[in-house]
């Protein structure tokens, strides 16, 4: 039973830290654009510039 005297305050501290980190992320615009970072790897790169003398 004595372990509850340790675990309950530790749990409340962990929950408080998680809530604080969530609000920090929201205030620093971490959740503003959720779509474009997922699509960036799928986008094609622009064509590379080639020199005329290197062409066959």
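In the numbering used here, the protein residues as written are 1 to 56.
Note that beta-carbon positions come from the ideal geometry of N, C-alpha and C, so glycine has one too.
- The continuous alpha helix (DSSP H) containing residue 23 extends over residues 4–27.
- In the structure shown, the three-state DSSP call for residue 34 is coil.
- Under the three-state reduction of DSSP output, residue 47 falls in the coil class, being neither helix nor strand.
- When the Cα atoms are used, residue 10 and residue 26 turn out to be separated by approximately 25 Å.
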